[in-house]
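In what follows, a structure is listed as structure tokens, so that the remarks can point back to it.
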Ligand SMILES: *Cc1c(COP(=O)(O)O)cnc(C)c1O
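Numbering (our numbering), first residue to last: 25 to 378.
Structure below.
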């Protein structure tokens, strides 16, 4: 606490991202980064954009990038909202579309940034427990609400909700915006974007951080009907006129256009996930079915927190959440096969503690 802080700053509970330690030889499987480099075309576009035009402001409307996103998804450019990371897009969504008199609903086990935005913006929310197998049951969302948000696949479980369930949720909640956070959808899910045309209350959020290997560039977007996009543009233009810089716009546009590279790298990650899951199960782990670039796994012979530390001692970094219901699980990012093998080698070396 500090006497110069506003009441808002004093009452915040900030989000804590996974660590980015500088340790030689570290196998880093803790923040769901892509093990493959960004598209060479994206890197070249960033290099090309690194020139004297940086003295000029970028396009405040990001029209070229919006057009690339619209082309990729087969939607109109006025159905696309873009921002400096999907976390920023989500922040605008929370204040612009999800703050209402009735509480916002999201799962009890989900992306831990959601309650942080609620704290920042004074949004009333209620968590809805996942089923015992950590799956999301749409029937449980049949209560008065001012909005609904969840990742699909969910984080940190990796579990996928079928599109039929999302459609049922949209129909049951015509007066609320339903936000589907598709940060991981390209690793095995089906996007809800095709439902946007028929559903005025659907907003789909995506990022270039995971499947497009550009976590360092900070680019995300949302797709919804123009009236939702307009609400978000009002918030954006009350916050930052130029959230995406010239280099980000150039790299992100090229990344959206390089569909061949995108498909090749995400298929490689999917293949490594299948292989990693099988080997973890051979070691006695229970692995939730994942449609993401991570797996959520626990072992009857290991305590979650202790296993995290034992792996850390062997220079393998994974993520553990000290949270009811999931504190025996580890969230393990799918790396290259070589990185997964390093993890598996370390696990074989750690004796069970119970
Ligand atoms: C990684 C992640 C994001 C944030 O992505 P950025 O675009 O890097 O901010 C959003 N939602 C979920 C569920 C994520 O896992």
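Yeah, the Cβ is synthetic: ideal placement off N, Cα and C, and Gly gets one too.
Would you be able to state if there are at least three C-beta pairs under 8 Å between the stretch 106-125 and the stretch 224-243?
yes
Report the start-end ranges of each alpha helix (DSSP H) in the stretch 93-145 that is 4 residues or longer and not cut off at the edges. 110-121, 137-145
Review point. With 16 other CB atoms within 10 Å as the buried threshold, where does residue 195 fall?
Key: The residue given as residue 195 occupies position 171 in the chain shown. Classification for residue 195: exposed.
| Is the beta carbon of residue 231 within less than 8 Å of some heavy atom of ligand 1? | Numbered from 1 along the chain shown, position 207 holds the residue referred to as residue 231. Result yes, Cβ under 8 Å from ligand 1.
Please tell me whether, using a cut-off of 8 Å, the distance from the CB of residue 175 to the nearest non-hydrogen atom of ligand 1 is below it. Mapped onto the chain shown, residue 175 falls at position 151. Checking every heavy atom of ligand 1 against the Cβ of residue 175, one is found closer than 8 Å.
- Message: Taking DSSP's pairing of strands, which residues face residue 174 in a bridge?
- Response: In the chain shown, residue 174 corresponds to position 150, counting from 1. Paired residues: 204.
When you compare only the Cα positions, how much space is there between residue 209 and residue 365?
-> Here residue 209 refers to the residue found at position 185 when the chain shown is read from its first residue. Here residue 365 refers to the residue found at position 341 when the chain shown is read from its first residue. Whole-angstrom Cα-Cα distance: 25 Å.
Leaving aside the five residues before and after residue 205 along the sequence, list all residues of the same chain whose C-beta is less than 6 Å from its C-beta, in chain order. For this step, residue 205 is matched to residue 181 along the chain shown. If we look at residue 205 and ignore the five residues flanking it on each side, its Cβ neighbours are 175, 229.
Less than 9 Å between the C-beta atoms of residue 248 and residue 105, yes or no?
Translated into the one-based positions of the chain shown, residue 248 becomes position 224. Translated into the one-based positions of the chain shown, residue 105 becomes position 81. Yes, Cβ-Cβ distance for residue 248 and residue 105 is below 9 Å.
* Quick one: what's got a C-beta closer than 6 Å to residue 368's C-beta in the same chain, skipping five residues either side? -> Looking up residue 368 in the chain shown gives position 344. Same-chain partners within the cutoff: 303.
When DSSP labels each residue in this structure, what does residue 245 get in the three-state scheme? As a working note, residue 245 is residue 221 in the chain shown. Here residue 245 sits in strand by DSSP.
- With 16 other CB atoms within 10 Å as the buried threshold, where does residue 169 fall? Your numbering for residue 169 matches position 145 in the chain shown. By the neighbour-count rule (16 or more Cβ atoms within 10 Å), residue 169 is buried.
Note to self: Considering only the alpha carbon of each residue, which of 197, 307, 318, 266 lies closest to residue 59?
What the structure shows: To locate residue 59, count along the chain shown from 1; it is residue 35. Among 197, 307, 318, 266, the Cα nearest to that of residue 59 belongs to 318.
Please report the straight-line C-alpha distance between residue 135 and residue 172, rounded to a whole angstrom.
Your numbering for residue 135 matches position 111 in the chain shown. Your numbering for residue 172 matches position 148 in the chain shown. The alpha-carbon atoms of residue 135 and residue 172 are separated by roughly 13 Å.
### Message
Excluding the 5 residues flanking residue 193 on each side, which residues of the same chain have their C-beta closer than 7 Å to its C-beta?
### Response
Position 169 of the chain shown holds residue 193. Excluding positions up to five away in sequence, the list reads 162, 165, 172, 202.
As assigned by DSSP and simplified to three states, the class of residue 230: Position 206 of the chain shown, counting from 1, holds the residue named residue 230. Looking at residue 230 - three-state DSSP - the assignment turns out to be strand.
Residues bridged to residue 341 (per DSSP):
The residue given as residue 341 occupies position 317 in the chain shown. Bridge partners of residue 341: 52.
Practice prompt. Note the first and the last residue of the continuous beta strand (DSSP E) segment covering residue 356.
Written response: In the chain shown, counting from the first residue as 1, residue 356 sits at position 332. Unbroken beta strand (DSSP E) run through residue 356: 354-357.
For residue 235, which of helix, strand or coil comes out of DSSP?
In the chain shown, the residue the question calls residue 235 occupies position 211. DSSP places residue 235 in coil when its eight states are reduced to three.
Other residues of its chain near residue 320: CB distance less than 6 Å, five sequence neighbours each side excluded: Along the chain shown, read from residue 1 onward, the residue named residue 320 stands at position 296. Once the five neighbours on either side are set aside, the close Cβ partners of residue 320 are 180, 181, 182, 312, 353, 355.
- prompt: Ordered along the chain, which non-local residues of its own chain (more than five positions away) have a Cβ less than 7 Å from that of residue 36?
  reply: To locate residue 36, count along the chain shown from 1; it is residue 12. Answer for residue 36: 143, 144, listed in chain order.
Closest residue to residue 372 among 323, 65, 350 (Cα-Cα distance): Translated into positions along the chain shown, residue 372 becomes position 348. It is 323 whose Cα lies nearest to the Cα of residue 372.
Report back the beta-carbon spacing between residue 43 and residue 26 to the nearest angstrom; my notes put them in contact at under 8 Å. For the purposes of this step, residue 43 is taken as the residue at position 19 of the chain shown. For the purposes of this step, residue 26 is taken as the residue at position 2 of the chain shown. That belief does not hold up - the Cβ atoms of residue 43 and residue 26 are roughly 25 Å apart, past 8 Å.
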